[in-house]
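Q:
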Ligand code: APR
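In this note's numbering, the protein residues as written are 223 to 395.
1) When burial is assigned at 16 or more other CB atoms within 10 Å of the CB, is residue 312 buried or exposed?
2) Does the ligand ATP have a heavy atom nearer than 8 angstroms to the CB of residue 374?
3) Using the rule of at least 16 other Cβ atoms within 10 Å of the residue's Cβ for burial, across every protein chain shown, is residue 282 buried or exposed?
4) Which of the three DSSP states, helix, strand or coil, is assigned to residue 298?
5) Is it the case that the Cβ atoms of residue 344 and residue 300 are separated by a distance below 9 angstroms?
6) For residue 327 and residue 296, what's the separation of their Cα atoms in angstroms?
7) Between the C-alpha atoms of residue 228 and residue 310, what's the straight-line distance to the nearest angstrom?
8) Within its chain, find whatever has a CB closer than 6 angstroms to the CB of residue 316; leave out the 5 residues flanking it on each side and keep chain order.
9) Following a CB-centred definition, is residue 278 positioned closer than 8 angstroms to any heavy atom of the ligand APR?
10) Can you find a heavy atom of the ligand APR that lies under 8 angstroms from the Cβ of residue 336?
11) Do residue 351 and residue 391 have their C-beta atoms within less than 9 angstroms of each other?
12) When you compare only the Cα positions, how much space is there between residue 246 and residue 294?
13) Answer yes if the segment 373 to 382 comes into contact with the segment 229 to 237, meaning at least three C-beta pairs across the two stretches below 8 angstroms, and no otherwise.
14) Can you tell me the Cα-Cα spacing of residue 331 and residue 236, whole angstroms?
15) Comparing C-alpha positions only, which one of 277, 223, 323, 381 sits nearest to residue 248?
16) Taking C-alpha atoms, which residue in 329, 325, 385, 358 lies nearest to residue 314?
17) Going by DSSP, what residue range makes up the alpha helix (DSSP H) through residue 316?
18) Tell me where the beta strand (DSSP E) around residue 282 begins and ends.
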């Protein structure tokens, strides 16, 4: 069971599934959502149209089309509203929902972007803490998923996830 943290562009990652930080319409957008749709090609949007959206904190899976990844797991993260509207729980739910879908769809390798920490303005260190916790707990009992990778688009994001993982390891003893 491996948890990697790398710098890179998730559209280039040949995982069984890459996660898309989507919005509830699932009809594309900017950021990583835009990049994934551009790289996957128009068939991705065509399939997304059949899904009729997705609630925040939930996840839905499609094929990867022209992406090197076999599947895309779309999850709308919470928009940061100050931290008293259940954002932490919603973000945790994004990670759990995506990992559950990966298990159910036979995905052995899964790659995440830093969900909600861009346009949705979720504080980076707080998001990294939640993501690392959910991924670490999940990998303890995962039966299909063998490897999770956090793909960080910039150095600040990578440093935040690395220190969150370091803190988690120190706490675990
Ligand atoms: N590969 C990996 N990570 C990326 C890439 C990429 N190609 N492009 C952007 N990112 C990173 C951002 O730098 C940020 O760290 O993904 C993280 C999430 O940022 P956003 O893409 O802005 O996603 P989010 O904050 O969850 O906001 C979602 O933005 O694009 C719209 O349709 C999307 O409405 C939704 C909202």
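Beta carbons are placed, not taken as given, at the ideal position from N, Cα and C, and that holds for glycine.
Small disclaimer: the values here were computed from a predicted structure and weren't measured.
A: Quick answer:
1) As a first step, residue 312 must be located in the chain shown, where it is residue number 90. Buried is the call here.
2) By its list of ligands, the structure shown excludes the ligand ATP, since it contains just the ligand APR.
3) Stepping through the chain shown from its first residue, residue 282 is reached at position 60. With 16 or more other Cβ atoms within 10 Å, it is buried.
4) The sequence position of residue 298 within the chain shown is 76, counting from 1. Residue state, collapsed to three classes: strand.
5) Looking up residue 344 in the chain shown gives position 122. Looking up residue 300 in the chain shown gives position 78. The answer is yes: Cβ separation under 9 angstroms.
6) Working through the chain shown from its first residue, we reach residue 327 at position 105. Working through the chain shown from its first residue, we reach residue 296 at position 74. C-alpha separation (whole angstroms): 14 angstroms.
7) Taking the chain shown and counting its residues from 1, one reaches residue 228 at position 6. Taking the chain shown and counting its residues from 1, one reaches residue 310 at position 88. Their backbone Cα atoms lie some 23 angstroms apart in a straight line.
8) Reading the chain shown from its first residue, position 94 is the one you call residue 316. Result list for residue 316: 279, 297, 299, 337, in chain order.
9) On the chain shown, residue 278 is found 56 positions in, with the first residue counted as 1. Not under cutoff, so the answer is no.
10) Against the chain shown, residue 336 aligns to sequence position 114. Under cutoff, so the answer is yes.
11) Residue mapping note: residue 351 aligns to position 129 of the chain shown, counting from 1. Residue mapping note: residue 391 aligns to position 169 of the chain shown, counting from 1. No, Cβ-Cβ distance for residue 351 and residue 391 is not below 9 angstroms.
12) The sequence position of residue 246 within the chain shown is 24, counting from 1. The sequence position of residue 294 within the chain shown is 72, counting from 1. Each residue's Cα considered, the two are about 15 angstroms apart.
13) yes
14) What you label residue 331 is simply residue 109 of the chain shown in a count that begins at 1. What you label residue 236 is simply residue 14 of the chain shown in a count that begins at 1. Near 9 angstroms, if we compare the C-alpha coordinates of residue 236 and residue 331.
15) Position 26 of the chain shown, counted from the first residue, corresponds to residue 248. Among 277, 223, 323, 381, the Cα nearest to that of residue 248 is on 277.
16) The count along the chain shown starts at 1 and reaches residue 314 at position 92. Of the listed residues, the one whose Cα sits closest to residue 314 is 358.
17) Residue numbering aside, residue 316 sits at position 94 when the chain shown is read from its first letter. Residues 309 to 326.
18) Here residue 282 refers to the residue found at position 60 of the chain shown. Run containing residue 282: 282 to 285, per the beta strand (DSSP E) assignment.
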